[in-house]
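Asks: One structure, as structure tokens, below. Some questions next.
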Amino acid sequence: MLDAAGNLVSDKSRLAAALLCWFLGTLGIHRFYVGKVGTGIAMVLTCGGLGIWALVDFIVILVGSFRDMSGKPLQNW
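Heads up: the sequence shown begins at 372 in this note's numbering, then just goes up one per residue.
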């Protein structure tokens with residue numbers, strides 16, 4: 372998928388990832404959503420690094436630096 376500037380972006384929504392991270396972040400659901408199954412499982416096992424990992428991910432999603440499993444940035448809001 373291409374954005375308005377012609378850059379390749381993920382078909383996953385940044386809004387959906389942010390909401391999943393906010394409400395279910397310690398379970399890593401947002402990572403499963405973008406295809407990062409391995410780190411999603413790690414988050415489940417560590418409860419999102421006791422919430423710290425989930426908080427960091429939430430901030431990274433908000434600033435637009437979070438990427439899907441292929442390394443493509445998520446779609447804008």
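Cβ coordinates follow ideal geometry from the N, Cα and C atoms, glycine included. Please read all numbers here as calculations on a predicted model, not as lab measurements.
#1: Output needed for Ser-436: all residues of its chain with C-beta closer than 6 Å, excluding positions within five of it in sequence on either side, in chain order.
#2: Quick one: give me the first and last residue of the alpha helix (DSSP H) that Gly-420 is part of.
#3: Are the beta-carbon atoms of Gly-406 and Asp-374 separated by less than 9 Å?
#4: What does a CB cutoff of less than 8 Å around Ala-413 pick up in its chain, not counting 5 residues either side in sequence?
#5: Reducing DSSP to helix, strand and coil, say where Leu-391 ends up.
Replies: The short version:
#1: Mapped onto the sequence shown, residue 436 falls at position 65. Once the five neighbours on either side are set aside, Ser-436 has no close Cβ partner at all.
#2: Numbered from its first residue, the sequence shown carries residue 420 at position 49. In the DSSP assignment, Gly-420 falls within the unbroken alpha helix (DSSP H) covering 408 to 421.
#3: As a first step, residue 406 must be located in the sequence shown, where it is residue number 35. As a first step, residue 374 must be located in the sequence shown, where it is residue number 3. Judged by beta-carbon spacing, Asp-374 lies beyond the 9 Å limit of Gly-406, meaning their Cβ atoms are not closer than that value.
#4: Here residue 413 is taken as the residue at index 42 of the sequence shown, counted from 1. Excluding sequence positions up to five before and after Ala-413, its CB lies within less than 8 Å of the CB of Gly-399, all in the same chain and listed in chain order.
#5: Position 20 of the sequence shown holds residue 391. Correct three-state label for Leu-391: helix.
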